[in-house]
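One structure below.
Number of protein chains: 2
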Amino acid sequence: MAYGEDDGSVRVSKSQLYLGGISIILSSLFVLSRSSGALVCTSAAGNCDIGAYRAEALARTPPNIIECAEADAGASQEICHLPSAERFAAIGQKGVTLWMTGLSGSGKSTIARALEEELVVKHGKVVQMLDGDNVRTGLNRDLGFSPEDRGESVRRVGEIACLFNQAGVITLVTLVSPYRADRDAARDRHESQKLPFLEVYMNVNLDVVRARDPKGLYAKVDAGELKDFTGVDAPYEQPLQPDVDLPNNEMSVSQSVAMLMEVLYAEGVLRGN
Amino acid sequence: MAYGEDDGSVRVSKSQLYLGGISIILSSLFVLSRSSGALVCTSAAGNCDIGAYRAEALARTPPNIIECAEADAGASQEICHLPSAERFAAIGQKGVTLWMTGLSGSGKSTIARALEEELVVKHGKVVQMLDGDNVRTGLNRDLGFSPEDRGESVRRVGEIACLFNQAGVITLVTLVSPYRADRDAARDRHESQKLPFLEVYMNVNLDVVRARDPKGLYAKVDAGELKDFTGVDAPYEQPLQPDVDLPNNEMSVSQSVAMLMEVLYAEGVLRGN
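Here the protein sequences come in this chain order: A and B.
Counting in our numbering, the first sequence runs from 74 upward without gaps.
Counting in our numbering, the second sequence runs from 74 upward without gaps.
Written out as structure tokens, the structure is:
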């Protein structure tokens with residue numbers, strides 16, 4: 074279990090201090106430069122609340138910009154792109170997002186890696202796993218571990234998952250993603266585009282992940298070296314109605330993979346039509 | 074040709090005023106909150122230069138966070154993920170990024186769409202086209218059309234292209250991307266991860282795209298309704314050594330597609346090994 078992958082846990086790095094002392098300037102004000110329409114991050118105190126800045130920027134954006142010459146206003150982007158049914162039939166697979174959420178140590182990466190290998194090597198399917206490693210080191214290099222930056226990180230991963238899903242890729246997201254609202258927002262973005270989204274809950278409790286402690290992170294928490302750790306002194310909001318409940322403490326990795334393969338078969342993901 | 078797709082042209086929207094009047098606060102100062110390690114956007118003037126904030130955030134991020142239990146420091150992410158050679162052999166295709174750059178009206182989207190259809194429908198390959206529609210309406214919803222936001226948009230598309238490329242997807246980027254430095258940065262990010270990147274220059278001059286004017290944008294420029302338009306009153310820096318030079322004014326769409334298919338064959342993209 075990679076700590077860098079965890080949007081809901083604390084990244085331990087010598088160059089990164091802990092979150093405890095962050096003073097967020099809640100009093101920041103945001104004004105629009107009326108002469109240009111540009112958004113400017115402004116505050117009376119001289120500090121900009123980057124989270125509020127982003128929220129404002131997102132709120133200002135029209136939900137759809139459809140620019141294909143052939144598309145009527147509000148029409149689907151399928152007018153510009155190949156229709157999904159034709160695409161999926163041709164490539165022999167359908168897009169889906171498995172959003173795997175759970176505590177650090179709950180098996181997200183382990184099970185996703187094993188599932189990926191099964192899908193790629195045995196079935197020849199195109200798969201991408203979006204985790205802390207490949208997202209934190211690339212797209213999200215500009216984000217830290219403040220609550221605002223974590224929210225933005227989950228939002229971006231949700232958007233990238235939509236893009237993979239559209240292309241017909243089986244998309245495995247492995248982020249702690251501790252907040253229900255963030256996960257629901259990712260689901261909404263998928264559903265508004267008619268993209269299949271399945272929340273997979275790594276249903277193992279704190280005692281289990283403490284006992285596993287594959288990276289020794291819980292030991293560090295107990296030693297006071299880590300603060301704001303998801304499930305200990307920071308919240309983890311478990312899914313209320315996950316699409317897949319995976320109590321993997323009582324299952325082997327291969328049993329967990331088999332269960333997810335069954336779900337993918339049932340969704341028709343492994344065939345394109 | 075979609076104006077929303079064009080990171081280097083001006084988006085025309087009733088809700089969006091022109092860029093001419095943007096006053097960028099160059100005097101902004103950025104300080105690190107020493108108590109927390111968090112980056113705070115601060116300026117004496119009370120306005121935050123979001124571009125400089127992002128540059129600072131990017132500069133602070135360690136280039137790699139490798140967290141797989143099995144990975145040595147600095148080791149490839151392949152240790153955590155399936156090796157590329159095995160993946161590509163299994164799925165029967167290799168990842169590549171075709172970065173298509175050129176003026177508005179130069180044929181990027183038209184040729185990319187035709188190429189996508191050829192690859193998907195005739196060859197059963199998994200393809201994603203990253204253009205203004207699917208990126209601007211999703212991942213980049215928080216970004217506007219200021220120079221800083223355009224730079225960030227190109228950076229993010231470059232990072233997403235890397236993710237698709239890693240998964241073995243044939244990735245078609247269709248952005249005006251007028252600045253050489255931005256395109257070179259996308260290339261560098263690919264090459265540092267040993268991901269094939271081919272810059273495709275839609276080599277048609279301003280007279281040609283003015284005559285085509287598929288969206289009537291150049292007419293609007295001439296009427297003074299659009300300002301800072303790439304190639305007219307905003308710069309377009311043409312590739313000095315494009316990997317593929319596509320003077321598509323002298324070619325049909327199908328000839329252009331055939332030329333790109335030849336390139337993909339030569340790169341071994343259409344077979345996995």
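Cβ coordinates follow ideal geometry from the N, Cα and C atoms, glycine included.
Residue-chain proximity (residue i, chain B), Cβ-Cβ < 7 Å
i, result
"Q311 of chain A", "no"
"V342 of chain A", "no"
"L279 of chain A", "no"
"D215 of chain A", "yes"
"V193 of chain A", "yes"
"G224 of chain A", "no"
"M332 of chain A", "no"
"R197 of chain A", "First, the residue type needs correcting, since residue 197 of chain A is Gly and not Arg in the sequence shown. For G197 of chain A, the answer is yes, since a Cβ of chain B falls inside 7 Å of its Cβ."
Burial state of residue i, where buried means 16 or more other Cβ atoms lie within 10 Å
i, result
"P312 of chain B", "buried"
"D295 of chain B", "exposed"
"Q239 of chain A", "buried"
"E232 of chain B", "buried"
"E221 of chain B", "buried"
"S100 of chain A", "No answer about S100 of chain A holds up, because its pLDDT of 25 lies below 50 and its placement is not dependable."
"R160 of chain A", "buried"
"S226 of chain A", "buried"
"A259 of chain B", "buried"
"Q201 of chain B", "buried"
"R344 of chain A", "exposed"
"D318 of chain B", "exposed"
"G297 of chain B", "exposed"
"P320 of chain A", "exposed"
"A163 of chain B", "buried"
"D204 of chain B", "buried"
"S88 of chain B", "Confidence at S88 of chain B is low in this model, with a pLDDT of 39, below 50, so the placement of that residue is unreliable and no value is reported for it."
"N278 of chain A", "exposed"
"K181 of chain B", "buried"
"P315 of chain A", "buried"
"D255 of chain A", "buried"
"K198 of chain A", "buried"
"S327 of chain A", "exposed"
Residues bridged to residue i [DSSP beta-bridge criterion]
i, result
"I233 of chain B", "Its beta-bridge partners do not exist; DSSP assigns none."
"E272 of chain A", "A:W172"
"L245 of chain B", "B:L171 and B:M202"
"L319 of chain B", "B:M275"
"T303 of chain B", "B:A307"
Residue-chain proximity (residue i, chain A), Cβ-Cβ < 7 Å
i, result
"Q61 of chain B", "The question about residue 61 of chain B has no answer here: the residues shown for chain B are numbered 74 through 346."
"R127 of chain B", "yes"
"G175 of chain B", "no"
"L337 of chain B", "no"
"G211 of chain B", "yes"
*Can you find at least 3 beta carbon pairs, one from the stretch 262-271 of chain A and one from the stretch 240-253 of chain B, that sit closer than 8 Å?*
no
*asked:* Does the stretch 258-267 of chain A come into contact with the stretch 185-192 of chain A, if we say contact requires no fewer than three beta-carbon pairs (one atom in each stretch) closer than 8 Å?
replied: no
*When the Cβ atoms of the stretch 197-215 of chain A are set against those of the stretch 222-237 of chain B, are three or more pairs found closer than 8 Å?*
When C-beta atoms of the stretch 197-215 of chain A are compared with those of the stretch 222-237 of chain B, three or more pairs fall below 8 Å, so the two segments count as touching.
*Is the stretch 330-338 of chain A touching the stretch 283-292 of chain A, taking contact as three or more C-beta pairs under 8 Å?*
no
_Residues of the stretch 226-252 of chain B in Cβ contact with chain A at a cutoff of 8 Å, in chain order, please._
R229, E232, I233, C235, L236, F237, Q239, A240, G241 and V242
*Near-chain A residues of the stretch 151-165 of chain B - C-beta to any C-beta below 8 Å*: C153, H154, L155, E159, R160, A163, I164 and G165
*Is there contact between the stretch 162-170 of chain A and the stretch 304-311 of chain A, where contact requires at least three CB pairs shorter than 8 Å?*
no
*chain B contacts made by the stretch 178-191 of chain A, where a contact means CB separation under 9 Å*: S182, R186, E189 and E190
*Interface residues of the stretch 296-328 of chain B facing chain A [CB-CB below 7 Å]*: none
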